[in-house]
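Structure record follows, encoded as structure tokens.
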Amino acid sequence: MKKTFPLRAEGKHPDRVLEAVKHEIRKYIKRERRRDVPEGADFWDFDCKFGADKDTAAAIAPATLTAALDALAQAGGGQCYVELLAKPAVWERRPAGQAAADEAAPSADGT
């Protein structure tokens, strides 16, 4: 998906337009994840770019897309460019020794 979404529409509340954009993005991700994964891959991953327009779009993590969209809308942006490209990916498994060490390590709050 490579698309420029307007964030302002005449006669519509900006919050509803923003929610419609988020809905369309989520719907696309769900549809792509339902596709059969090629042999040798475990899941569908996404390359994501986001910006006010195509020229200023920067690579971001797909998990931060809605937060970036909210920030752009709060800043008063009139449109946004979203590029989501599905790619097959393989889970990188941790070595057995490293997994046990991660579980035994104390967390940041000391517990």
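Residue numbers for the sequence shown follow this note's numbering, beginning at 907 and rising by one.
Just so you know, even glycine gets a beta-carbon here, dropped at the ideal spot from N, CA and C.
The model shown is predicted, which means the values in this text are computed figures rather than measured ones.
Going by the DSSP bridge assignment, what does residue i pair with across the sheet?
i	result
residue 989	908, 955
residue 950	994
What are the boundary residues of the beta strand (DSSP E) that includes residue i?
i	result
residue 964	964 to 966
Leaving out five residues on either side along the sequence, give the residues of the same chain with a beta carbon under 6 Å from the beta carbon of residue i.
i	result
residue 987	910, 957, 959, 960, 963
residue 997	948
When burial is assigned at 16 or more other CB atoms within 10 Å of the CB, is residue i buried or exposed?
i	result
residue 927	buried
residue 991	exposed
residue 981	exposed
residue 979	buried
Can you find the residues in the same chain that come closer than 8 Å, C-beta to C-beta, to residue i, ignoring five residues on each side of it along the sequence?
i	result
residue 943	949, 950, 994
residue 923	912, 913, 914, 915
Using 8 Å for Cβ pairs, my map puts residue i next to residue j. What's the rounded Cβ distance?
i	j	result
residue 989	residue 954	7 Å
Could you check where the alpha helix (DSSP H) with residue i kicks off and where it finishes?
i	result
residue 970	Careful: residue 970 lies outside any alpha helix (DSSP H) and carries neither H nor E.
residue 933	920 to 940
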